[in-house]
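Engineer:
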Amino acid sequence: MGAEDGALWLRAWEPADAPVVAGLLDPDADPLWVAQCHALHGPPREGERWRRTLVAVRGDREGKVVGAATVARNWVHPGQYSCAIDVHRAWRRQGVGRRLLDGLREVRPETLPLVSKLRPSNAAAMGFLAAAGGGVRQRSPGQVVDVADHRVLAWAEWHGAAAEHSGPPGLRASASRCDLGE
Numbered sequence: 004m005g006a007e008d009g010a011l012w013l014r015a016w017e018p019a020d021a022p023v024v025a026g027l028l029d030p031d032a033d034p035l036w037v038a039q040c041h042a043l044h045g046p047p048r049e050g051e052r053w054r055r056t057l058v059a060v061r062g063d064r065e066g067k068v069v070g071a072a073t074v075a076r077n078w079v080h081p082g083q084y085s086c087a088i089d090v091h092r093a094w095r096r097q098g099v100g101r102r103l104l105d106g107l108r109e110v111r112p113e114t115l116p117l118v119s120k121l122r123p124s125n126a127a128a129m130g131f132l133a134a135a136g137g138g139v140r141q142r143s144p145g146q147v148v149d150v151a152d153h154r155v156l157a158w159a160e161w162h163g164a165a166a167e168h169s170g171p172p173g174l175r176a177s178a179s180r181c182d183l184g185e
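In our numbering, the protein residues as written are 4 to 185.
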């Protein structure tokens with residue numbers, strides 16, 4: 004990588020990239036994305052935990068990092084690679100994500116599918132998925148737990164948990180595993 008393409012070029016992860024890549028996250032970033040996808044970014048690894056991270060730089064070699072993408076061996080689903088693509092909000096819809104995705108496809112050692120986790124409510128991510136020729140592979144709508152339900156209270160009492168809950172009246176999670184195509 005590292006070959007220049009107009010004003011945008013890709014290079015391998017460097018140790019100094021960690022704080023810059025952390026800054027690519029939106030202030031309201033989805034906790035699922037942060038914990039399971041954005042957390043993939045980092046230095047190269049080999050073996051069962053194989054990983055490569057690319058960063059997109061605008062301008063010359065000392066330019067601004069505007070995106071990062073990681074492809075990693077998925078040890079839970081060995082027939083696919085996990086991937087994460089983060090692009091700074093100001094640089095979205097300018098081809099940065101597409102260029103990073105193409106770079107991930109080049110650096111993966113096998114042509115196994117690239118997959119990621121997205122929320123259906125994330126219009127930007129779902130739009131990128133569609134534009135990249137990908138699609139939803141699995142939907143995980145999550146569960147709704149009503150902590151005031153008598154069955155939940157009975158379970159909590161049986162397991163020694165406090166019968167009262169100070170949190171919200173229900174918990175909800177929803178995510179989709181998405182295939183980013185070949």
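Idealized CB from N, CA, C, for every residue including glycine.
Does DSSP put W78 in a helix, in a strand, or in coil?
Structural biologist: Here residue 78 is taken as the residue at index 75 of the sequence shown, counted from 1. DSSP places W78 in coil when its eight states are reduced to three.
Engineer: Grab me the residues of P172's own chain with a C-beta within less than 7 Å of its C-beta, minus the 5 sequence neighbours each way, in chain order.
Structural biologist: By one-based count along the sequence shown, residue 172 stands at place 169. With a pLDDT of 45 at P172, under the threshold of 50, the modelled position of this residue cannot be trusted, and the question is left open.
Engineer: How big is the Cα-Cα spacing for A75 and Y84?
Structural biologist: What you label residue 75 is simply residue 72 of the sequence shown in a count that begins at 1. What you label residue 84 is simply residue 81 of the sequence shown in a count that begins at 1. Roughly 6 Å separates the two Cα atoms.
Engineer: Which stretch, first to last residue, makes up the beta strand (DSSP E) that contains W12?
Structural biologist: The count along the sequence shown starts at 1 and reaches residue 12 at position 9. Element bounds for W12: 11-15.
Engineer: Find out if the Cβ-Cβ distance for the pair L27, D105 is shorter than 9 Å.
Structural biologist: Within the sequence shown, numbered from 1, the residue matching residue 27 stands at position 24. Within the sequence shown, numbered from 1, the residue matching residue 105 stands at position 102. Against a cut-off of 9 Å, the Cβ pair of D105 and L27 comes out as no contact.
Engineer: Closest to R221 by C-alpha separation, out of K120, C86, W78, N125, would be which residue?
Structural biologist: Look at the range of the chain in this structure, 4 to 185, and you will see that residue 221 is not part of it.
Engineer: Kindly provide the ranges of any alpha helix (DSSP H) runs that are 4 or more residues long and lie completely inside the segment 82-128, ordered along the chain.
Structural biologist: Qualifying alpha helix (DSSP H) stretches, in chain order: 99-110.
Engineer: Would you report the Cα separation of G163 and A157, rounded to the nearest angstrom?
Structural biologist: For the purposes of this step, residue 163 is taken as residue 160 along the sequence shown, with counting starting at 1. For the purposes of this step, residue 157 is taken as residue 154 along the sequence shown, with counting starting at 1. Cα-Cα distance, rounded: 10 Å.
Engineer: Thinking just about the alpha-carbon of each residue, which of F131, W53, W94 is nearest to the one in P112?
Structural biologist: Position 109 of the sequence shown, counted from the start, is the residue given in the question as residue 112. It is W53 whose Cα lies nearest to the Cα of P112.
Engineer: DSSP on V3, reduced to helix/strand/coil?
Structural biologist: Residue 3 lies beyond the residue range present for the chain, which begins at 4 and ends at 185; the question has no answer from this structure.
Engineer: For H153, count neighbouring Cβ atoms within 10 angstroms of its own Cβ and tell me buried if that reaches 16, exposed if not.
Structural biologist: The residue given as residue 153 occupies position 150 in the sequence shown. H153 comes out exposed.
Engineer: On a CA-only basis, which of L117, W12, A71 is nearest A21? Give me that one, please.
Structural biologist: Working through the sequence shown from its first residue, we reach residue 21 at position 18. Checked all of L117, W12, A71; the closest Cα to A21 is A71.
Engineer: Straight-line CA distance for D8 to T56?
Structural biologist: Residue mapping note: residue 8 aligns to position 5 of the sequence shown, counting from 1. Residue mapping note: residue 56 aligns to position 53 of the sequence shown, counting from 1. The predicted position of D8 is uncertain, since its pLDDT is 47 and thus under 50; no value can be drawn from it.
Engineer: State yes or no: is the C-beta of W94 within less than 9 Å of the C-beta of V58?
Structural biologist: Taking the first residue of the sequence shown as position 1, residue 94 is located at position 91. Taking the first residue of the sequence shown as position 1, residue 58 is located at position 55. Contact: no.
Engineer: Rounding to the nearest angstrom, what Cα-Cα distance links A134 and A126 in this structure?
Structural biologist: Counted from its first residue, the sequence shown places residue 134 at position 131. Counted from its first residue, the sequence shown places residue 126 at position 123. Going by the C-alpha atoms only, they are around 12 Å apart.
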